[in-house]
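Numbering (my numbering), first residue to last: 676 to 791.
For glycine and all other residues, C-beta sits at the position ideal for the given N, C-alpha and C.
The structure displayed is predicted, hence computed values, not measured ones.
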């Protein structure tokens with residue numbers, strides 16, 4: 676299973692459009708990959724898998740376009756501390772640059788005191 680890698684499938688070679696399950700994205704120049712749509716029924720697991728696969732496959736900066744289809748799931752991931760982002764302005768519109776991501780939410784913090 677380790678040798679099998681199911682990454683982003685190329686939809687249009689000339690325009691640089693790619694698809695991972697229901698998630699869609701495209702190359703923007705040589706140094707940035709932009710996720711434009713999470714699909715109809717997005718899930719946090721699918722979104723994180725797509726982000727991790729994009730960062731491994733393309734080895735460049737990862738951005739998520741700010742629109743109606745991406746924002747509900749992205750805010751859910753940010754609130755769960757699974758994704759760290761910074762806002763980026765580009766000519767196409769507002770985007771979030773992904774600074775870091777985790778596959779699972781962090782464990783709850785333990786108090787420094789204990790009762791015996």
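### Task
Look at the alpha carbon of residue 727 and the alpha carbon of residue 777, and state the distance between them as a whole number of angstroms.
For the pair residue 727 and residue 777, the Cα-to-Cα distance works out to about 9 Å.
### Query
Per DSSP, which one or two residues make a beta bridge with residue 684?
Under DSSP, residue 684 shares a beta bridge with 694.
### Query
Could you give the residue range of the alpha helix (DSSP H) that holds residue 715?
Where residue 715 is concerned, there is no enclosing alpha helix (DSSP H), given that its DSSP letter is neither H nor E.
#### Entry: residue 726 (DSSP reduced to helix, strand or coil)
In the structure shown, residue 726 sits in a helix (DSSP, three-state: H, G or I).
### Task
In angstroms with no decimal places, state the Cα-to-Cα distance between residue 697 and residue 684.
Approximately 11 Å, taken between the alpha carbons.
### Query
From which residue to which residue does the beta strand (DSSP E) around residue 776 run?
First-last of the beta strand (DSSP E) with residue 776: 769 to 776.
### Query
What are the boundary residues of the beta strand (DSSP E) that residue 736 is part of?
Residues 736 to 740.
### Query
What are the partner residues of residue 710, as DSSP defines its beta bridges?
When DSSP reads this structure, residue 710 sits in a beta bridge with 700 and 739.
### Query
Since residue 761 sits in a beta bridge, which residues does DSSP pair it with?
Paired residues: 772.
### Message
Distance check for residue 781 and residue 688, CA to CA, integer angstroms please.
### Response
Distance between the alpha carbons of residue 688 and residue 781 is about 38 Å.
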